[in-house]
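Residues 1 to 250 in full-length UniProt numbering are what the sequence shown spells out, letter by letter.
Each residue gets a CB set at the ideal place from its N, CA and C atoms; glycine is no exception.
What follows is one structure encoded as structure tokens, with my remarks underneath.
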Amino acid sequence: MPRKAEEGDGVRGPQMRRLQLQLEAQQWDKTMRLPLALLFLCVPGSLSLSGPSTVMGTVGGSLSVQCQYKEKYKTFTKYWCRQPCLPLWNQTVATGRSEEKMRSGRVSIVDHAEDLTFTVTLENLTADDAGKYRCGIATILQEEGLHGFLPDLFIQVQVFVSPRSQIVSIHFLLLILLKVPLFLMMLSAVLWVNRPQWAICGTQSRPEEDNLQPSLSIDILSRNTATHTRRGRTSGPKHSISSHLVPQNW
């Protein structure tokens, strides 16, 4: 009996060691998987999320940043923030429901789940908007007994904001130097075209007045001639009567 027990212990010993080695290998695999996942997610521009590294805009304009993600992150929350991405940073904006645009001040974000992309738009840019931003996905690790939070998956985007372009300044110069004088010339031309109508209306009334004056002079002249003829007629008979009354031999 003691010999059988010793033989049994000799057989169980290697089996226990093998089982112990397998458990240690599994534990090592799990412990190594987490740092690898952390390293993979912390590297900006990883394969799970892609987007532009730099974008440019002009003061007063707007710019858009489009980031693309993998299918497995379709239901995750996407966000945009300015580094260092503090919780109370005024330019932090995150997605809500799919295809719903969320806004925070001059920044908006919308998740296009069907295209596996989300777009961030910055409006009414200022020079202070230039800097480093983070286009990211809030991730949670839940697989094979590992529950917890992982660092967010993100890419870094450098935003450059330039002053107003020369084209805009040239446009304003043309507006001031050419368009305004042209408008004034057109306005003066319209007034000049309408001016002869007023002159014609004024000259149409003058001939009537001029026609009235000759008629008045003619009436006065005719009246004068009439009076003269009447006087001549009255003076003629008087002279004849006086000639008859005066004796001829004087």
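Does DSSP put residue i in a helix, a strand or coil?
i, result
"A113", "coil"
"L49", "strand"
"R18", "helix"
Could you check how far apart the C-beta atoms of residue i and residue j are, in whole angstroms? I think they sit under 8 Å.
i, j, result
"residue 317", "I109", "One cannot answer for residue 317 here, as it falls past the ends of the chain, which runs 1 to 250."
"C81", "Y133", "7 Å"
"K78", "I137", "5 Å"
"T119", "H112", "7 Å"
Might you give, ordered along the chain, the residues of its own chain that have their beta carbon closer than 6 Å to the beta carbon of residue i, omitting 5 neighbours on each side?
i, result
"G61", "L125"
"T117", "Q66 and Q68"
"T54", "Q158"
"S98", "D111 and A113"
"C85", "R134"
"P163", "V59"
"L63", "V55, G57 and L122"
"E100", "none"
DSSP puts residue i in a beta bridge; with which residues?
i, result
"C67", "F118"
"F154", "G136"
"T58", "S162"
"K78", "I137"
"R103", "S108"
"A94", "Y79"
Going along the chain, which residues of its own chain have a beta-carbon closer than 7 Å to the beta-carbon of residue i, five neighbours each way excluded?
i, result
"R18", "none"
"P52", "V65 and V157"
"S188", "none"
"A127", "V59 and V161"
Residue i: buried (16+ other C-beta within 10 angstroms of its C-beta) or exposed?
i, result
"V161", "buried"
"G96", "exposed"
"T75", "exposed"
"V193", "exposed"
"V107", "buried"
"D115", "exposed"
"D152", "buried"
"L49", "buried"
Report yes if the C-beta of residue i is less than 7 Å from at least one heavy atom of the ligand NAD; otherwise report no.
i, result
"R106", "For the ligand NAD, the structure offers nothing, since it holds no ligand at all."
Apart from the five residues just before and just after residue i, which ones in its own chain have a Cβ nearer than 8 Å to its Cβ?
i, result
"Q20", "none"
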